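Peer 1:
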Amino acid sequence: MASSRRPLPGVDAGRLVKDAAKLLPNPSRRLFLRNGASVGALALLTGCNITDGVSAERALRKVSEFNDWVQARLFNPNRLAPTYPESPITRPFRFNAFYPEDAAPDIDEDRYRLIVDGLVANKQPWSLEQLYALPQETQITRLICVEGWSAIGKWTGVPLREFLKRVGADLTAKYVHFTCSEGYSSSIDMPTALHPQTQMTLKFDGQILPTKFGFPLRIRIPTKLGFKNPKHVIGLAVLNHYTGGYWEDQGYNWFSGL
Amino acid sequence: MNTVAEAGKPEAVQKRPAIHPLYVRVTHWINALAMVIMIMSGWQIYNAAPLFPFTFPSSVTLGGWLAGALLWHLAAMWLLIANGFIYVVVGLVTGRFRRKLLPIRPREFVRDLAAALTGRLSHADLGVYNAVQKALYLAVLLAGAVIVASGLALWKPVQLQELAALFGGYEGARLAHFFAMAVIVVFLVIHVVMALLVPRSLRAMIRGR
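Listed in order, the protein sequences are those of chains A and B.
Start counting the first sequence at 33; every next residue gets the next number (the working numbering).
Start counting the second sequence at 647; every next residue gets the next number (the working numbering).
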């Protein structure tokens, strides 16, 4: 079942597992059939593939929701991620996405608009020219990937909290959701959205954000794992309901705070 | 269990004390389960971005892929920490750690190590640890402290950045977490082999004597 282990884009892994489970006669037989080569009873507990327990996965997701709750309480809105001088910046910086580098979307900068939606006073779309005209800050911080590796980079852009204030967002809302041109999405909690280092990034390493790092707009959040730093952002919505995200829906912890 | 009340009685009237009190046996087996889950899911997480030029075969990993492994790892961590906390607090408060594991005299360690390697180490009294056992148990307790501290630093390298700094930052914590795992796995291999060589010790960890 090696091929089932890496999810396909747009496939809901949870639903896939449930559908597949229905096709198999009964749980014990399923386990006998599939786990001949694995290590004793523990193999029965193996998480996220079609061979084993859907109920185990459900229990694990409950714990993951508990972990969201714990992390929201551990999150200190004034605690800054460590910043670095220029010298340790990782060059070349690592590309990472759910698609290969040459599949990164080409976005026409003249036609680009950032759609602002949800609980905001001013829903007028933003052109790149308008975004570039806003006051910007630079940070040199460590991006930590859910895979474990990390890299130090230099990002420049508009603090998200300043932008949210500017568009008259309801800052007491629970979530900010991001949609991306390549079909990616993610959502974050409002305290993180208002964190001073959470940035609408327009430049990387002093240059206009290159295509592979999310042209024209990336959300850079040094207090969250890399997959919660969406690239090619075309939509931003302030919401009170949970919307998950591309990887979150497939089992990655939603809060994923650092 | 050797309680304060019993300590005053003459040796003969005392009920023969358990080699391992109940709390040790219960926390031992909960810890065993939590550790196996943590190690197997940890190997799957390692495979997503290997620190060294090898990966762990899927037959010994847990979770199926990275997200599944992380769900296991960050769920079993609560079991590991809660259980370990009870074990350490009771062990310190009752003085059991001190009584069982200290002192370790270098001369005894060398003598017992030589005896162990030539297969002549006595296990007549399972309630008394030889110097090699003491050193191994102390080492694995220390590795346990390092793996929990480095694990917390990896989970929260911003909120717990002072803790991460103790390991030289996030990447240092990754290395510490890996090597503490390696120490624990080496301990586990020795521990299980010894338990199989001296089956009475396994029985004592289940029934108490």
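We put the beta carbon where it would ideally sit given N, CA and C, even for glycine.
Values in this document were obtained by computation on a predicted structure and should not be read as measured data.
Can you tell me where the alpha helix (DSSP H) with B/H674 in it begins and where it stops?
Peer 2: L668 to A694
Peer 1: Less than 6 Å between C-beta atoms, sequence neighbours within five positions excluded: which residues of the same chain meet that for B/N677?
Peer 2: N729
Peer 1: Based on Cα-Cα distance, which residue from A/I176, A/A136 and A/E133 lies nearest to A/T122?
Peer 2: A/I176
Peer 1: Taking the beta carbon of A/S288 as the centre, do at least 16 other beta carbons fall within 10 Å, making it buried, or is it exposed?
Peer 2: buried
Peer 1: Spell out whether any CB of chain A is found under 8 Å from the CB atom of B/W718.
Peer 2: When Cβ-Cβ separations below 8 Å define contact, B/W718 makes contact with chain A.
Peer 1: Distance, Cα to Cα, A/T115 vs B/G765?
Peer 2: 55 Å
Peer 1: Against B/Y733, what residues of chain A qualify as contacts under a CB-to-CB distance less than 8 Å, listed in chain order?
Peer 2: By Cβ distance, chain A contributes nothing, its closest Cβ being about 22 Å from B/Y733, past 8 Å.
Peer 1: In angstroms, rounded to a whole number, what distance separates the CA positions of A/V268 and A/Y131?
Peer 2: The sequence given here has Leu at residue 268 of chain A, not Val. Answer to the nearest angstrom: the Cα atoms are 22 Å apart.
Peer 1: Alpha carbon to alpha carbon, how far is B/G814 from A/L146?
Peer 2: 40 Å
Peer 1: Which whole runs of the alpha helix (DSSP H) in the stretch 794-828 of chain B are 4 residues long or more, in chain order?
Peer 2: The stretch 794-828 of chain B contains these whole alpha helix (DSSP H) runs: 807-812.
Peer 1: Should B/Y692 be labelled buried (16 or more other beta-carbon atoms within 10 Å of its own) or exposed?
Peer 2: B/Y692 should be labelled buried.
Peer 1: Going by Cα to Cα distance, which pick from B/A811, B/L725, B/V739 and B/V832 is closest to B/W675?
Peer 2: Among B/A811, B/L725, B/V739 and B/V832, the Cα nearest to that of B/W675 belongs to B/L725.
Peer 1: Check whether the Cβ of B/G714 lies closer than 8 Å to any Cβ atom in chain A.
Peer 2: Between B/G714 and chain A, the shortest Cβ-Cβ separation is below 8 Å.
Peer 1: Looking at the C-beta of A/N261, does it have a partner C-beta in chain B at a distance below 8 Å?
Peer 2: No, A/N261 lies away from the interface with chain B (no Cβ there is under 8 Å from its Cβ).
Peer 1: For chain B, check one thing: does any of its Cβ atoms lie closer than 8 Å to the Cβ of A/Y284?
Peer 2: yes
Peer 1: Using a C-beta cutoff of 8 Å, does B/E808 count as contacting chain A?
Peer 2: no
Peer 1: For B/A694, go through chain A and note every residue whose CB falls closer than 9 Å to its CB, in chain order.
Peer 2: C177, V178, E179, G180 and W181
Peer 1: What three-state label does DSSP hand A/T275 in the structure shown?
Peer 2: coil
Peer 1: Give the straight-line distance between the Cα atoms of B/H603 and B/T707, rounded to the nearest whole angstrom.
Peer 2: Since the first residue of chain B shown is 647 and the last is 855, residue 603 of chain B is not available in this structure.
Peer 1: For B/I830, does the three-state DSSP call read helix, strand or coil?
Peer 2: For B/I830, the three-state secondary structure derived from DSSP is helix.
Peer 1: Check whether chain B comes within 8 Å of A/A113, counting only Cβ atoms and requiring the distance to be less than that.
Peer 2: yes
Peer 1: How many Å lie between B/V774 and B/V835 at the Cα?
Peer 2: 21 Å
Peer 1: So A/P248 and A/L166 are in contact, right, with Cβ under 8 Å, and what is the actual spacing, rounded?
Peer 2: Incorrect: roughly 13 Å between the Cβ atoms, too far for contact.
Peer 1: Taking its Cβ as the centre, do 16 or more other Cβ atoms sit within 10 Å of A/I251, making it buried, or is it exposed?
Peer 2: Counting C-beta atoms within 10 angstroms of its own C-beta, A/I251 has 16 or more neighbours from the protein chains shown and is therefore classed as buried.
Peer 1: Using only the alpha-carbon positions, how far apart do A/L203 and A/N272 sit?
Peer 2: 11 Å
Peer 1: Counting C-beta neighbours from all protein chains within 10 Å, is the total for B/I748 16 or more, i.e. buried, or is it exposed?
Peer 2: Looking at the sequence itself, residue 748 of chain B is Leu, so the reference to Ile does not match. Taking all protein chains shown into account, B/L748 has fewer than 16 neighbouring C-beta atoms within 10 Å of its C-beta and is therefore exposed.
Peer 1: Along the stretch 795-806 of chain B, where does the CB come closer than 7 Å to a CB of chain A? Name the residues.
Peer 2: K802, P803, V804 and Q805
Peer 1: Pick out the complete beta strand (DSSP E) segments inside the stretch 106-154 of chain A, 3 residues or longer, and give them in chain order.
Peer 2: 147-150
Peer 1: Among the residues of its own chain, which have a CB less than 7 Å from the CB of A/L65, if the five just before and after it don't count?
Peer 2: Its pLDDT being 29, under 50, A/L65 is placed unreliably in this model, and the value from its coordinates should be taken loosely. Its chain contains no residue whose beta carbon lies nearer than 7 Å to that of A/L65 once the 5 sequence neighbours on both sides are disregarded.
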